[in-house]
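Sequences listed follow chains A and B, in order. For the first sequence, the residue numbers in my numbering are 1 to 322. For the second sequence, the residue numbers in my numbering are 1 to 278. Even glycine gets a Cβ: it sits at the ideal position worked out from N, Cα and C. Structure, as structure tokens:
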Amino acid sequence: MPNREIVAENLVKRYNGSVLAVNDVSFRVKSGEIFGFLGPNGAGKSTTVAMLTTLIVPTSGRATVGGYDVVSQAGEVRRIAGVALQEIGLDPLMKSMELLTIQAQLFGMSRKQAQQRARELLELVKLSDVTDRRVGKYSGGMRRRLDLALALAHEPDILFLDEPTTGLDPASRRDIWNEVRRLNQQLGMTIFLTTQYLEEADELADRIAIIDGGKIVAEGAPAELKASLGSESINVTFRDVEAVDRARAALAGMADRMQADRKTLRLYLPNAAASVPAVVSRLTDAGLEPASLTLTQPTLDDVFLQVTGQRFRAEAAEVEAA
Amino acid sequence: MSVISNPTVLSGVRRAEVVRSMPFPLQVITMTWRNLVTIFRTPAAVIPTLIISAFFLLVYNSSLGGASNFVPGLIGQSYLGFILPVSVVSAALGGAGVAGQAIVRDIESGYFNKLLLTPASRGALVLGAMLAGAIILALQTSLVTVVGLLMGLQPKTGLPGILVMLGLALLLGTAFAGFTVAMALRSGNAAATQGATFLFFPLTFLTSTFVPINLLSGWIRTAAEINPVTYVLDAMRALLNTGWDAQIVLRGLVAILIMAMLTFTFAMASLRARTRRR
Chain A
1 MPNREIVAEN LVKRYNGSVL AVNDVSFRVK SGEIFGFLGP NGAGKSTTVA MLTTLIVPTS
61 GRATVGGYDV VSQAGEVRRI AGVALQEIGL DPLMKSMELL TIQAQLFGMS RKQAQQRARE
121 LLELVKLSDV TDRRVGKYSG GMRRRLDLAL ALAHEPDILF LDEPTTGLDP ASRRDIWNEV
181 RRLNQQLGMT IFLTTQYLEE ADELADRIAI IDGGKIVAEG APAELKASLG SESINVTFRD
241 VEAVDRARAA LAGMADRMQA DRKTLRLYLP NAAASVPAVV SRLTDAGLEP ASLTLTQPTL
301 DDVFLQVTGQ RFRAEAAEVE AA
Chain B
1 MSVISNPTVL SGVRRAEVVR SMPFPLQVIT MTWRNLVTIF RTPAAVIPTL IISAFFLLVY
61 NSSLGGASNF VPGLIGQSYL GFILPVSVVS AALGGAGVAG QAIVRDIESG YFNKLLLTPA
121 SRGALVLGAM LAGAIILALQ TSLVTVVGLL MGLQPKTGLP GILVMLGLAL LLGTAFAGFT
181 VAMALRSGNA AATQGATFLF FPLTFLTSTF VPINLLSGWI RTAAEINPVT YVLDAMRALL
241 NTGWDAQIVL RGLVAILIMA MLTFTFAMAS LRARTRRR
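Right, dumping it as structure tokens:
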């Protein structure tokens with residue numbers, strides 16, 4: 001069993017001596033794990049991937065991929081890593097069969113082997129019927145799938161996927177998710193996946209790290225992170241903002257933590273459902289009538305809010321809408 | 001619906017059967033072939049140079065063809081034999097631009113990064129573009145020469161002389177390709193690379209383009225004496241109009257080699273700068 005770990009120790013990337021894109025990032029991805037690297041646009045995700053895949057050199061710190069140092073053993077890293085970058089790098093004048101064959105050949109296959117491999121991969125990503133069309137004529141989804149196929153050409157031990165579903169429709173996104181799971185489960189590939197979608201990280205990753213402003217602000221299994229918030233919440237919405245303040249006073253001491261958000265008051269407490277009657281009776285005693293009352297399990301969005309003090313900015317809303 | 005069509009499909013070619021890496025010469029051939037494929041899919045990138053070179057030949061020969069009746073140093077010689085090398089040189093320099101354009105196209109599409117993520121040698125990526133450029137310019141210079149022959153050129157040194165002339169053109173073009181490739185790697189930008197190929201103009205025109213060098217004077221004479229193309233033109237003209245002259249041909253060759261040494265050093269430094277990965 002080959003070493004399929006990724007280890008980053010105090011990675012720093014400073015561009016042009018000033019902009020700090022990645023600021024002291026450390027993590028360890030275990031063999032066979034799907035690791036989600038979650039963060040909004042510009043958080044430093046792609047820069048981290050570029051360092052781990054040997055495209056750029058860290059300003060300081062070190063990292064190993066499959067046990068190989070990304071700076072001094074870059075050649076070995078390239079041999080075992082498959083990479084699909086956020087910016088799909090496909091020559092628009094070439095055809096998918098040609099691109100895949102060249103890719104497989106560059107990883108050491110004979111022309112015949114490479115062609116066989118290319119046909120398999122085209123079938124895998126459902127592009128077998130468009131092999132004669134130039135890549136420039138492909139749709140965004142087709143290009144993503146071909147890019148994924150290229151990353152898989154040499155059956156890598158470790159797969160880096162930089163925002164693999166950004167800009168895809170929900171159906172294509174599901175396809176990619178299924179494929180990522182399959183590669184992980186059947187072939188034991190370690191998968192390093194960056195995403196700006198909370199839902200995607202939650203759905204796919206065994207463990208995640210949340211990166212914001214070049215720094216890792218939280219790390220752990222999604223369930224663990226959500227649990228670390230300590231509590232579910234009861235959300236009480238009133239008809240006016242003034243009622244929120246009065247409710248806050250009336251409910252003092254009942255919750256671990258309270259948070260007002262315009263007309264809504266959130267009460268974070270360990271066993272929310274069981275506490276609902278007590279909350280309602282206290283509000284009634286205070287002469288307050290809630291407009292609505294809901295229960296919430298913590299989400300990664302809450303985790304993000306908790307660690308960064310703001311809501312997740314990315315296109316998360318778009319996913320929910322879709 | 002799922003992307004998965006057949007769960008075992010990945011096991012068709014096991015990694016165990018695969019050699020560790022592609023031999024370097026094969027890498028170069030593969031990259032050359034790929035560049036040629038894309039060049040032939042965008043004929044618009046190649047045809048203008050060809051047309052311009054043929055245009056030079058026709059126009060200059062028609063308008064200046066009578067010059068060999070009175071220009072000292074040309075009297076008794078064929079003006080076609082004097083001007084054809086200018087067209088050959090311009091076809092060679094124009095064709096060489098293809099190499100830089102091929103690289104910059106890959107950088108702009110992101111495919112260059114994709115290739116950098118494979119175990120392919122960085123040198124093979126650059127050599128592939130250079131060789132593709134060399135093949136294109138060999139085709140272009142040959143075509144221009146054929147046009148010259150059709151116009152009635154009778155080279156003093158016959159077919160062997162024509163081949164030596166085309167060989168010189170190939171070397172000159174490859175040396176210039178080093179420069180366009182360097183600019184492509186350095187800028188990663190099509191406009192800047194295109195701009196760099198404008199060096200073509202001083203190289204082709206600040207020399208004995210229309211009259212022998214001893215008729216030039218002042219700054220243009222100085223420029224022509226520095227310009228390596230002057231010595232290449234001398235060699236080609238000797239082959240076409242006066243006969244074998246080892247010394248002149250050798251001087252042309254040395255001029256090209258000096259130029260190539262400079263451009264290749266520049267290209268290597270630019271390659272290192274781009275792949276040092278900042």
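Next on the checklist: So B:Arg41 contacts chain A; which residues on that side make the cut at Cβ distance below 7 Å?
Outcome noted: Leu93
Item to check | Cutoff 8 Å: B:Gln101 Cβ touching any chain A Cβ | outcome: Under the Cβ criterion of 8 Å, B:Gln101 is not counted among the residues facing chain A.
Checklist entry - Does the stretch 133-142 of chain A come close enough to the stretch 56-68 of chain B to have 3 or more Cβ pairs within less than 8 Å? => result no
Checklist entry - From A:Ile191 to A:Gly108, what distance separates their C-alpha atoms? => result 23 Å
Checklist entry - For chain B, is any of its Cβ atoms less than 8 Å away from the one on A:Arg207? => result no
Checklist entry - So the beta strand (DSSP E) A:Thr54 belongs to, where does it begin and stop? => result Per DSSP, A:Thr54 belongs to no beta strand (DSSP E) and is neither H nor E.
Item to check | Presumed contact (8 Å Cβ cut-off) between B:Ala99 and B:Thr180, rounded CB distance | outcome: By a beta-carbon distance limit of 8 Å, B:Ala99 contacts B:Thr180. Their separation comes to about 6 Å.
Item to check | Residue range of the beta strand (DSSP E) that includes A:Gln259 | outcome: Arg257 to Asp261
Checklist entry - Straight-line CA distance for B:Ser2 to A:Asn178? => result At B:Ser2, the pLDDT of 39 sits below 50, so the modelled position is not reliable and the matter cannot be decided from this model.
Item to check | Given 8 Å, three or more beta-carbon pairs between the stretch 57-72 of chain A and the stretch 212-220 of chain A | outcome: no
Checklist entry - In three-state DSSP terms, what is B:Ala192? => result helix
Next on the checklist: Taking 8 Å as the threshold (C-beta atoms), are B:Leu166 and B:Ala138 in contact?
Outcome noted: Yes.
Next on the checklist: Please list, in chain order, the residues of the stretch 114-138 of chain B that have any C-beta partner in chain A closer than 7 Å.
Outcome noted: Lys114, Leu116, Leu117, Thr118, Pro119 and Ala120
Checklist entry - How would you call B:Arg272, buried or exposed, if buried means at least 16 neighbouring beta carbons within 10 angstroms? => result Burial call: exposed.
Next on the checklist: Is there a Cβ of chain A sitting closer than 8 Å to that of B:Arg274, yes or no?
Outcome noted: Under the Cβ distance rule, B:Arg274 does not count among the residues neighbouring chain A, no pair being separated by less than 8 Å.
Checklist entry - If contact means a Cβ-Cβ distance below 7 Å, which residues of the stretch 59-77 of chain A contact chain B? => result Cβ contacts with chain B come from Gly75.
Checklist entry - In the structure shown, what three-state DSSP assignment does A:Val12 receive? => result strand
Checklist entry - Whose C-beta lies closer than 8 Å to the C-beta of A:Val135 among residues of the same chain, with five residues either side of it excluded? => result Leu90, Asp91, Pro92, Leu93, Met94, Lys95, Ser96, Leu99, Arg143 and Leu146
Item to check | Neighbour flag for B:Thr30 against chain A, beta carbons, 8 Å | outcome: yes
Next on the checklist: Give the list of continuous alpha helix (DSSP H) stretches no shorter than 4 residues that lie fully inside the stretch 183-255 of chain A.
Outcome noted: 198-204, 222-228 and 241-250
Checklist entry - Under the three-state reduction of DSSP, which class applies to B:Thr38: helix, strand or coil? => result Secondary structure at B:Thr38: helix, using DSSP grouped into helix, strand and coil.
Item to check | Beta carbon proximity, A:Glu163 to chain B, threshold 8 Å | outcome: no
Item to check | Proximity winner among B:Thr174, B:Gly73, B:Ile47 and B:Phe40, relative to B:Phe210 (alpha-carbon distances) | outcome: B:Gly73
Next on the checklist: What does the alpha-carbon distance come out to for the pair A:Thr165 and A:Thr194?
Outcome noted: Computed Cα separation, rounded: 10 Å.
Item to check | alpha helix (DSSP H) runs contained entirely in the stretch 70-94 of chain A, provided each spans 4 or more residues | outcome: Here the runs fully enclosed are 74-80.
Checklist entry - Does the stretch 211-218 of chain B come close enough to the stretch 122-132 of chain B to have 3 or more Cβ pairs within less than 8 Å? => result no
Checklist entry - DSSP three-state call for B:Asn214: helix, strand or coil? => result helix
Checklist entry - Helix, strand or coil for B:Phe198 per DSSP? => result helix
Checklist entry - Taking 7 Å as the line, does the beta carbon of A:Asn16 fall inside it for any heavy atom of the ligand COA? => result This structure simply doesn't include the ligand COA, nor any ligand for that matter.
Next on the checklist: Let me check one thing: in DSSP terms, what residues is A:Asp162 bridge-paired to?
Outcome noted: A:Thr194
Checklist entry - Would you say A:Leu106 and B:Ala45 are within 8 Å of each other, going by their C-beta atoms? => result no
Checklist entry - Name the residues in the stretch 119-140 of chain A whose C-beta lies less than 7 Å from a C-beta of chain B; which are they? => result Glu120, Glu123, Leu124, Val125 and Lys126
Item to check | Pairwise C-alpha distance: B:Ala192 and B:Ala102 | outcome: 14 Å
Checklist entry - Would A:Glu327 be called buried (16 or more neighbouring beta carbons within 10 Å of its own) or exposed? => result Only positions 1 to 322 of chain A appear in this structure, which leaves residue 327 of chain A out of reach.
Next on the checklist: I need the boundaries of the alpha helix (DSSP H) containing B:Leu131, first residue and last residue.
Outcome noted: Arg122 to Leu150
Next on the checklist: Below 8 Å on the Cβ atoms is my contact criterion, and I expect B:Leu240 with B:Leu84 to pass it. Report the Cβ-Cβ distance as a whole number of Å.
Outcome noted: 6 Å
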